[in-house]
Every structure is written in C-alpha cells, then in structure tokens.
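Residue numbers (the working numbering): 258 to 746.
Glycine is no exception: its CB is placed at the ideal position from the N, C-alpha and C atoms.
Please read these numbers as outputs of a predicted model, since none were measured by experiment.
So the structure is just underneath, and the comments pick up after that.
This is the structure we're talking about:
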C-alpha cells in the first residue's frame with residue numbers, strides 16, 4: 258500500500274475553500290500565476306517528496322551526519338536532492354523575478370514546504386534555509402553581493418544559513434561576542450564562535466554562505482550594536498575561484514531527532530583571515546535578521562504541523578489494519594477481532610490529532626496570506642495585514658510546536674507497544690517534532706513577546722485588528738441557523 262503522508266484534498270480545501278488563496282493572483286505582483294499553475298507546482302512537490310524524500314526518512318535518522326576530516330558528511334542523496342530543488346525552482350520560488358525567482362506567493366511556497374516536511378523534515382531544512390538566507394540578500398545586500406551569491410544559492414550548489422547563536426549568547430542576542438574588525442578593503446575580519454547552526458556545514462554543496470551577526474569594534478553594546486555580514490565558508494577570488502575563508506567546523510551536534518540535517522559548531526578567524534562582507538548598514542543587523550527570523554517562526558509552526566500530519570496518517574493506517582479485541586458489547590470470544598480504529602479511545606486519539614493538524618494548518622495559511630498581502634497592499638490595508646501578522650506570529654509558532662508534542666505522542670499511543678519501537682515511524686516523528694518548541698525562540702520567549710510587545714504594538718492596534726477579525730467572523734456565523742448557537746454574543 259502506498260504510504261499517505263498528507264492529504265491533498267484537505268490542503269486544497271483550506272487553501273481555496275476556506276482562505277481563498279486564489280485571490281492573491283489578482284494582484285499584479287503575483288499575476289503570472291493562477292490556481293492551475295500553483296496546483297501543478299504543488300503536485301510536483303508531492304511527486305518529488307514521495308520519490309526522493311520519503312524513502313530516506315528512516316535512513317537519515319539511523320545514519321546521522323558525522324564530522325570527518327573537518328567536514329560534515331550527510332546522506333549521499335542530499336546533493337542530488339538539492340540539485341533537483343534548484344533546477345525545479347523550489348529554492349527561488351518566492352524570490353522576485355528581478356533576481357531570477359518565480360515570484361510565487363509566500364503562501365504557495367510555504368504549502369510546498371509543508372508537503373516536503375510531511376515527507377522528511379530533515380531534508381526540507383536544507384533548501385528552505387537557503388531560501389531564507391537568499392531572501393535576506395535580495396532584500397538588503399548590494400547588487401554585487403546579489404550577483405555573487407544568489408545564482409549559486411538558487412541552484413542548490415551553495416547552502417545558505419543564518420548564524421546567530423553563540424555559546425554565551427543563545428536567545429540573549431545582546432550578549433553576542435563575535436567581532437568584526439574593519440580593514441582598508443571591502444571586508445571585515447570576523448572572529449568568534451557560533452553553535453547550533455542548522456546546515457552550517459555539509460558535503461552536499463560546494464560552499465556554505467552564512468548570514469552572520471557580529472559586533473563591529475566600537476559599536477554600541479546590546480542589540481543596537483549588531484551588524485549583519487555575509488561570511489562564506491569559501492570566499493570568491495577575483496578570478497571567480499573559491500578559497501578557504503578561515504571558517505572551521507568545530508563539531509556536529511548529535512540530536513534527539515531531526516537527525517538528517519546537520520547542526521554545526523563554527524569557529525571563525527582562528528588564523529586571523531575570516532572575511533565578512535557587511536550587509537546593508539552597520540548596527541542594523543538584528544532588524545534585518547528579524548525578517549528571516551519571523552519567516553522562520555512561521556516555518557517552525559508549519560513544520561511541527563507537517564510532522565504531526567505524517568504521524569497522524571501513519572497512525573490512521575495502522576489502526577485500520579491492526580485487529581485486536583471486540584466491541585465492548587460483544588462477549589463471544591469466537592467472533593473475529595475488529596480493527597482497533599473501531600475502539601472508542603483509539604478514535605478519540607485520532608480525532609485529537611486530526612483536529613489539531615487541520616486547525617494548525619489553517620492558522621499557518623492565514624499568516625502566510627497576511628505576509629503576501631503585506632507585500633502587495635498599501636495604506637490602511639497594508640497596516641492591517643502587518644499588525645495581524647505581528648500578533649499572530651508568536652501564536653502560530655508556539656501553539657503548533659507545543660501541541661505537536663502531544664499529537665505525535667497520541668500517534669505513538671495508537672500503536673501501543675509497537676509505537677515505542679523503531680519498527681514503526683511514529684516514534685521517530687515524536688522525536689523529530691520536539692525541537693520546534695525550542696527552535697527560533699522557546700515558547701516562554703514567544704509568550705513574553707506576545708504579552709510584552711505585540712499586545713502593545715502600535716498602541717494596541719494589533720489587538721484591535723485581531724478582535725475586529727474575530728467579531729466579524731462571529732457576526733457572519735450568526736447568519737447560519739446551524740452555527741447560531743455556537744456564535745458568541
């Protein structure tokens with residue numbers, strides 16, 4: 258039986274019947290696309306996911322990356338997959354046409370990422386980290402920097418990362434210690450350590466391009482003195498050849514789950530020759546990085562949902578095939594056993610998972626639509642989309658991340674003792690999803706962000722816009738007899 262890892266029907270229902278994603282194509286910026294072309298893109302994503310990503314899901318877990326002779330070795334199929342991602346246009350899908358992208362709505366790109374995440378989250382991290390880093394370069398870098406890096410990144414030949422975390426400055430970026438010393442040339446000399454850098458080094462690409470935060474000597478203390486630099490593993494010579502850039506891989510972290518994507522410890526400037534190239538203006542690096550961080554926060558919630566989705570369909574298939582016990586009213590042991598999906602508690606656990614993944618995916622789509630509308634609207638409408646996205650981002654990251662732990666646990670429970678073994682994939686899904694409550698800011702940090710910043714944003718405008726949306730939906734529900742009793746007064 259072909260393994261089902263997500264529901265195309267449910268995805269289309271949420272995209273078109275609930276959120277009317279097709280309305281985005283009416284804007285000039287997205288007018289090169291329509292529902293038919295988008296569906297073809299998503300179908301191609303499903304095909305690639307089923308053909309290339311899903312078959313190595315368990316292999317990547319059992320044979321995790323290793324540091325060998327200063328380079329992290331990853332699954333041998335990753336180079337081929339990244340080539341496919343580049344050639345097929347996935348990495349450049351949401352980039353603007355002016356830099357060689359397809360200018361797809363973020364909503365469509367993220368739903369493509371969702372499908373891949375259902376098949377193999379570890380693989381998904383590679384191309385979409387590159388996409389996020391490339392978007393930073395597109396948005397804030399010089400024309401020369403765009404020409405130097407974007408084509409190779411879009412092709413899948415070069416990996417992109419964001420390098421923030423340090424041994425003494427995890428979530429507390431104001432304590433960042435990596436330094437950037439000015440020179441008489443167009444580069445700075447970078448020195449420091451970065452840890453937990455996803456896809457920070459691996460042998461499936463020719464080069465790794467880090468979008469790295471560092472403090473220029475003499476800059477203000479705290480977050481106001483942080484700048485962003487392009488720090489490649491290998492820098493580009495004048496003749497377009499590559500030369501080592503004094504970026505060393507000090508180690509690879511071995512994780513609980515999500516093992517296929519390497520997490521590196523990087524050491525910059527041990528030989529005093531690590532060159533970094535300033536992106537945009539000095540001391541504005543954190544504001545630039547927040548673009549990628551906010552995109553990544555939505556992505557974290559989305560991929561928690563994708564892992565839970567895959568776990569749900571694995572549990573659903575098992576419970577339909579596994580026979581054990583009889584209806585509670587059946588006392589005759591000679592009668593055949595029934596599939597366990599007929600038992601009330603199994604159905605309860607499946608319903609919990611299904612309710613969560615569908616509601617969570619709907620929330621992610623709504624946030625993505627706000628992101629797209631923020632780009633193409635102006636004035637009061639743009640302001641509204643901005644504030645709604647801001648207030649929902651910590652929720653869209655944290656709720657799926659936390660609930661996915663419960664959801665995948667219920668998938669394990671559906672299989673009983675078998676669920677706790679490596680003979681079935683649900684235990685891997687349970688381990689894979691645990692990182693999301695930590696990735697891109699812990700749940701507590703996002704709670705503080707929501708209450709300490711987002712609630713008061715714009716003098717309370719974000720809350721006002723959200724309540725307008727909620728009350729508008731309640732009023733709409735009152736028009737339907739079947740919903741009246743559930744609509745709040």
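Legend entry - Residue nearest to residue 326 in terms of C-alpha spacing, selected from 399, 460 and 626: The shortest C-alpha separation from residue 326 is found at 460.
Inset, instruction - Could you name the residues of the same chain whose beta carbon sits closer than 6 Å to that of residue 629, not counting the 5 residues immediately before and after it, in chain order? - result: Within the same chain, residue 629 has close Cβ partners 281, 362, 363 and 364.
Inset, instruction - Pick helix, strand or coil for residue 418, following the three-state DSSP scheme. - result: Per DSSP, reduced to three states, the secondary structure at residue 418 is strand.
Inset, instruction - Might you give, ordered along the chain, the residues of its own chain that have their beta carbon closer than 7 Å to the beta carbon of residue 557, omitting 5 neighbours on each side? - result: Non-local C-beta neighbours of residue 557 in its own chain, meaning closer than 7 Å and more than five positions away in sequence, comprise 654, 658, 693, 696 and 697, ordered along the chain.
Inset, instruction - Measure the Cβ-Cβ separation of residue 488 and residue 494 and say whether it is below 7 Å. - result: Against a cut-off of 7 Å, the Cβ pair of residue 494 and residue 488 comes out as no contact.
Inset, instruction - With 7 Å as the threshold, decide whether the Cβ of residue 515 is near any Cβ in chain C. - result: The structure shown contains no chain C; it holds only a single protein chain.
Legend entry - Cβ neighbours of residue 685 in the same chain (closer than 8 Å, five flanking residues each side left out): The residues are 314, 315, 318, 514 and 679.
Legend entry - Presumed contact (8 Å Cβ cut-off) between residue 545 and residue 411, rounded CB distance: Contact flag wrong, Cβ pair sits at about 20 Å.
Inset, instruction - With a cut-off of 8 Å on the beta carbons, I'd call residue 339 and residue 384 a contact; round off their distance for me. - result: The Cβ separation is near 6 Å, so the contact holds.
Inset, instruction - Could you tell me which of 603, 682 and 703 sits nearest to residue 577, measuring between CA atoms? - result: With respect to the C-alpha of residue 577, the residue from 603, 682 and 703 having the closest C-alpha is 603.
Legend entry - Coarse secondary structure for residue 284, derived from DSSP in three states: DSSP places residue 284 in coil when its eight states are reduced to three.
Inset, instruction - Determine the direct distance from the alpha carbon of residue 471 to that of residue 311, and round the result to whole angstroms. - result: Rounded to the nearest whole angstrom, the C-alpha separation of residue 311 and residue 471 is 38 Å.
Legend entry - Bridge-paired residues (DSSP) for residue 323: Answer by DSSP bridge pairing, in chain order: 330.
Inset, instruction - Give the DSSP-derived three-state secondary structure of residue 294 in the structure shown. - result: Of the three classes helix, strand and coil, the one that applies to residue 294 here is helix, per DSSP.
Legend entry - Among 433, 579, 535 and 608, the one whose alpha carbon lies nearest that of residue 594: Put simply, of 433, 579, 535 and 608 the residue whose alpha carbon is nearest the alpha carbon of residue 594 is 579.
Inset, instruction - Just mark residue 552 as buried or exposed, buried being the case when its beta carbon has 16 or more other beta carbons within 10 Å. - result: Residue 552 sits buried, since 16 or more C-beta atoms from the chains shown fall within 10 Å of its C-beta.
Inset, instruction - Express the C-alpha separation of residue 727 and residue 274 in angstroms, rounding to a whole number. - result: Taken atom to atom, the span from the alpha-carbon of residue 274 to that of residue 727 is near 19 Å.
Inset, instruction - May I have the straight-line CA-CA distance separating residue 469 from residue 672, to the nearest angstrom? - result: Residue 469 and residue 672: Cα-Cα distance of roughly 44 Å.
Inset, instruction - Under 8 Å by Cβ, that's how I've got residue 402 and residue 534 pegged, so tell me the actual separation to the nearest angstrom. - result: Sure, about 6 Å apart at Cβ, within 8 Å.
Inset, instruction - Run the CB neighbour count on residue 645, radius 10 Å, all protein chains shown included, and call it buried at 16 or more, exposed below. - result: Around the beta carbon of residue 645, 16 or more other beta carbons lie within 10 angstroms, which makes this residue buried.
Inset, instruction - Throw me the rounded Cβ distance for the residue 613 and residue 682 pair, which I believe falls under 8 Å. - result: Not really, about 18 Å apart at Cβ, beyond 8 Å.
Legend entry - residue 488, DSSP secondary structure in three states: Strand.
Legend entry - Endpoints, the beta strand (DSSP E) within which residue 468 is located: Per DSSP, the unbroken beta strand (DSSP E) holding residue 468 starts and ends at 464-473.
Inset, instruction - Give me the Cβ distance between residue 455 and residue 542, rounded to the nearest whole Å; I'm assuming they're in contact under 8 Å. - result: Contact between residue 455 and residue 542 is absent: CB atoms are separated by about 19 Å, not below the 8 Å threshold.
Inset, instruction - Check whether the region 289-301 touches the region 635-650, taking contact to mean three or more Cβ pairs, one atom from each stretch, closer than 8 Å. - result: No contact exists between the region 289-301 and the region 635-650.
Inset, instruction - Return helix, strand or coil for residue 397, following the three-state DSSP convention. - result: Helix, per DSSP.
Legend entry - Collapsed DSSP secondary structure at residue 493 in the structure displayed: Here residue 493 sits in strand by DSSP.
Inset, instruction - Mind reading off the beta-carbon distance from residue 509 to residue 322? Whole number of angstroms is fine, and I expect it under 8 Å. - result: Indeed they touch by this definition, with Cβ atoms about 6 Å apart.
Inset, instruction - Could you tell me whether the region 561-575 touches the region 374-381, using the rule of 3 or more Cβ pairs below 8 Å? - result: Touching, yes, given that three or more Cβ pairs across the two stretches are closer than 8 Å.
Inset, instruction - Look up residue 449 in the DSSP assignment and give the residues it is bridged to. - result: Partner(s): 525.
Inset, instruction - Use the C-beta contact count for residue 349: other C-beta atoms within 10 angstroms, 16 or more gives buried, fewer gives exposed. - result: Residue 349 is buried by the Cβ-count criterion.
Legend entry - Spatial distance of residue 284 from residue 633 (CA atoms): One C-alpha to the other measures close to 7 Å.
Inset, instruction - Verify whether the separation of the beta carbon atoms of residue 548 and residue 606 is less than 7 Å. - result: The beta carbons of residue 548 and residue 606 sit no closer together than 7 Å.
Legend entry - Contacting residues, own chain, Cβ-Cβ under 7 Å from residue 452 (five flanking each side not counted): These residues qualify, in order along the chain: 422, 423, 424 and 522.
Legend entry - Run of the alpha helix (DSSP H) containing residue 832, from where it starts to where it stops: Because the chain here runs from 258 to 746, residue 832 falls outside it and cannot be looked at.
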